[in-house]
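Residues in the sequence shown are numbered consecutively from 3, following my numbering.
Note that the Cβ used here is the ideal one computed from N, Cα and C, for glycine as well.
Presented below is the structure to which this report refers.
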Amino acid sequence: MPLRKVIDMLRGTVECLFIYFICLAIWRQYLRFTKPELDNIPGPQPRSFWKGKSNLYYEMFSFTRVFLITGSLPDYFNANGWKYHRYLWKTYGPAIKMKGLFGELNTFQIDMLSWMGRTALELIGQSGFGHSFDDLTEDYDEHSYSAAIKKVVPVTFRMSILRVYGLYYIVKLGSAAFRRKLISILPWPAMKEARDIADVLHKTSLEIYQAKKKAILEGNQEVTDQISQGKDILSILMRANMEASEDDRLPEDEIYGQIATFTFAGMDTTSNAIARILWLLSQHKDVQDKLRSELREAMQNAGGELPYDELVALPFMDAICRETMRIHSPVWQLLRKPNKDILLPLSKPIKTVDGGEMNEIFVPKGTTVMCGLLASNMNTEIWGPDAFEWKPERWIEGLPKTVTDAHLPGIYSNLMTFSGGSRACIGFKFSQLEMKTVLATLISKFEFSPTQEIIWRMTNIVTPALAHGDHTKPQMPLMVKLATDSA
Numbered sequence: 003m004p005l006r007k008v009i010d011m012l013r014g015t016v017e018c019l020f021i022y023f024i025c026l027a028i029w030r031q032y033l034r035f036t037k038p039e040l041d042n043i044p045g046p047q048p049r050s051f052w053k054g055k056s057n058l059y060y061e062m063f064s065f066t067r068v069f070l071i072t073g074s075l076p077d078y079f080n081a082n083g084w085k086y087h088r089y090l091w092k093t094y095g096p097a098i099k100m101k102g103l104f105g106e107l108n109t110f111q112i113d114m115l116s117w118m119g120r121t122a123l124e125l126i127g128q129s130g131f132g133h134s135f136d137d138l139t140e141d142y143d144e145h146s147y148s149a150a151i152k153k154v155v156p157v158t159f160r161m162s163i164l165r166v167y168g169l170y171y172i173v174k175l176g177s178a179a180f181r182r183k184l185i186s187i188l189p190w191p192a193m194k195e196a197r198d199i200a201d202v203l204h205k206t207s208l209e210i211y212q213a214k215k216k217a218i219l220e221g222n223q224e225v226t227d228q229i230s231q232g233k234d235i236l237s238i239l240m241r242a243n244m245e246a247s248e249d250d251r252l253p254e255d256e257i258y259g260q261i262a263t264f265t266f267a268g269m270d271t272t273s274n275a276i277a278r279i280l281w282l283l284s285q286h287k288d289v290q291d292k293l294r295s296e297l298r299e300a301m302q303n304a305g306g307e308l309p310y311d312e313l314v315a316l317p318f319m320d321a322i323c324r325e326t327m328r329i330h331s332p333v334w335q336l337l338r339k340p341n342k343d344i345l346l347p348l349s350k351p352i353k354t355v356d357g358g359e360m361n362e363i364f365v366p367k368g369t370t371v372m373c374g375l376l377a378s379n380m381n382t383e384i385w386g387p388d389a390f391e392w393k394p395e396r397w398i399e400g401l402p403k404t405v406t407d408a409h410l411p412g413i414y415s416n417l418m419t420f421s422g423g424s425r426a427c428i429g430f431k432f433s434q435l436e437m438k439t440v441l442a443t444l445i446s447k448f449e450f451s452p453t454q455e456i457i458w459r460m461t462n463i464v465t466p467a468l469a470h471g472d473h474t475k476p477q478m479p480l481m482v483k484l485a486t487d488s489a
């Protein structure tokens, strides 16, 4: 290579480096005089000159596989035991049918997360839209809508960075058709999977709505009565929309979106919450037995099924649900962005990097704020030194004064589990009732015990999976048997 060409290349490199350092110096001077208040809050030191603190974001997820020891129960079974149990299950049906054939002591391994997901979907389908997705029998081909809903959290979690920092701008990029074409071109499997999920949700929502609308237009009296008298969300929404003036009516596209939103909001969170309670009860047999005794006594006094008022008033049942929602919230964090500049007050002053004291934080408009719900629910200064322990009895014995004095904005039991303010969970009462109804049905009839080691994955919604197996597949097998009369 000629010497002159080498000199030209070196000159170009030096010029680029010179421009880079000039720009860097200008940028640092700019930050010096326009330093945001958030930078004055102490935090962890950067570990990399190039990456700064960005690696801490990913390191956060290395703590998510919390292994929960279940003992050596599987060792008590021979090598072919699980194969035999699967054969019994497949041949003779669910455990509720076993009593007559095998007596009361037979135990079966059942994926309770799957059944709780199916139950939650059917409950929201019936109460939300007057529509059945699942007859809750073992001979069941999973509805495409159910399969799509289950994929929403894991797929969107793989796109966390884009969802948090880029989605706001992407949705404004061109037309919907252009954005769809762009997704087809981009070599990003998660993005394509998210598109396919959205297609299934939209298609099913459209089918549910159009079926009701068509039945009304054709004069189907049963559907007309359901719309005029029904208490499911879709019937109420359609009735209000039909009675509204032309200008005030919701576009049909928005109604389709509401169907998908209500389904997603009412399915994964509640089903995972019930699964967590069942898992905890399997770990604490004394608590499970005490709850079963409370339920059976209440049912006996009621002469069978428990009325709503008596079910929600059961003290130990309520304590178990509240304590589980406190320490094991299915949603562990929320992201929020202020629409305008705000001053965020602090519960107590903090020391700043420059040695000063700060009582409030200036948060500029558009700043992404991560709200740690569990940090509030398990704050030892509020809940006491045993804040990290699962103790249902704390709700019966009485909460410390520090809890009520904290004036937390949560809409449920001084907890942030269901958030607070105008964007709090509107379905938290439904979720509570669903949890208690399902638990009353199961615990009164069945005993649950652990079988395999479970980890809880801290995706957008905390989800159980096998510690030794496919970590990406949500599942929670438990050993289930009919409860004895003396239990």
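Can you list the beta strand (DSSP E) stretches of 3 or more residues lying completely in the stretch 107-151, in chain order?
Residue ranges of uninterrupted beta strand (DSSP E) with 3 or more members, entirely inside the stretch 107-151 and ordered along the chain, are 109-113.
Using the three-state DSSP reduction, which class does Arg338 fall into: helix, strand or coil?
Correct three-state label for Arg338: strand.
From the DSSP output, in three-state form, read off Gly176 for me.
In the structure shown, the three-state DSSP call for Gly176 is coil.
Between Pro387 and Asn381, what straight-line distance do the alpha-carbon atoms span, to the nearest angstrom?
If you take the alpha carbons of Pro387 and Asn381, they lie about 9 Å apart.
Let me know the secondary structure DSSP gives Leu346 once reduced to three states.
DSSP places Leu346 in strand when its eight states are reduced to three.
Once you ignore the five residues that flank Met478 on each side, which residues in its own chain have a CB closer than 7 Å to its CB?
Closer than 7 Å at Cβ, skipping near neighbours: Asp113, Met114, Leu115, Ala277, Trp281, Ile456, Pro466.
For Thr93 and Lys483, what's the separation of their Cα atoms in angstroms?
Any reading at Thr93 must be qualified, since the residue scores a pLDDT of 37, below 50, and its modelled position is unreliable; the value itself is stated next. Between Thr93 and Lys483, the C-alpha separation is close to 17 Å.
Where does Leu252 sit, in a helix, a strand or coil, going by DSSP?
If DSSP states are grouped into helix, strand and coil, Leu252 belongs with coil.
Where does Asn416 fall in DSSP's three states?
If DSSP states are grouped into helix, strand and coil, Asn416 belongs with coil.
State whether the stretch 392-405 contacts the stretch 438-450, with contact taken as three or more CB pairs (one from each stretch) at a distance under 8 Å.
The answer is no - the stretch 438-450 does not touch the stretch 392-405, with fewer than three Cβ pairs under 8 Å.
Check each candidate in Leu125, Asp136, Arg251, Thr272 and name the one with the smallest Cα separation from Asp234.
It is Leu125 whose Cα lies nearest to the Cα of Asp234.
May I ask whether a heavy atom of the ligand SAH can be found less than 8 Å away from the beta carbon of Leu444?
Annotation note on the ligand SAH: not contained in the displayed structure, which lists no ligands.
Opposing strand residues paired with Met360 [DSSP bridges]
Beta-bridge partners of Met360 (DSSP): Ile352.
Whole angstroms is fine: what's the gap from Ala315's alpha carbon to Gly45's?
C-alpha separation (whole angstroms): 45 Å.
How many Å lie between Gly422 and Ser331 at the Cα?
If you draw a straight line from the Cα of Gly422 to the Cα of Ser331, it comes to about 14 Å.
Looking only at C-alpha atoms, which of Arg181, Asn361, Phe180, Phe448 sits nearest to Pro347?
Ranking the options by Cα distance to Pro347, first place goes to Asn361.
State yes or no: is the beta carbon of Tyr22 nearer than 9 Å to at least one beta carbon in chain C?
Absent from the structure: chain C. Only one protein chain is present.
Can the beta-carbon of Thr419 be found less than 9 Å from the beta-carbon of Leu375?
Cβ atoms of Thr419 and Leu375: closer than 9 Å.
Hey, how far is the Cα of Asn341 from the Cα of Ile463?
Rounded to whole angstroms, Asn341 to Ile463 spans 26 Å at the Cα level.
So does the stretch 311-326 actually touch the stretch 282-301, counting three or more Cβ pairs closer than 8 Å?
Counting Cβ pairs under 8 Å, three or more are found: they touch.
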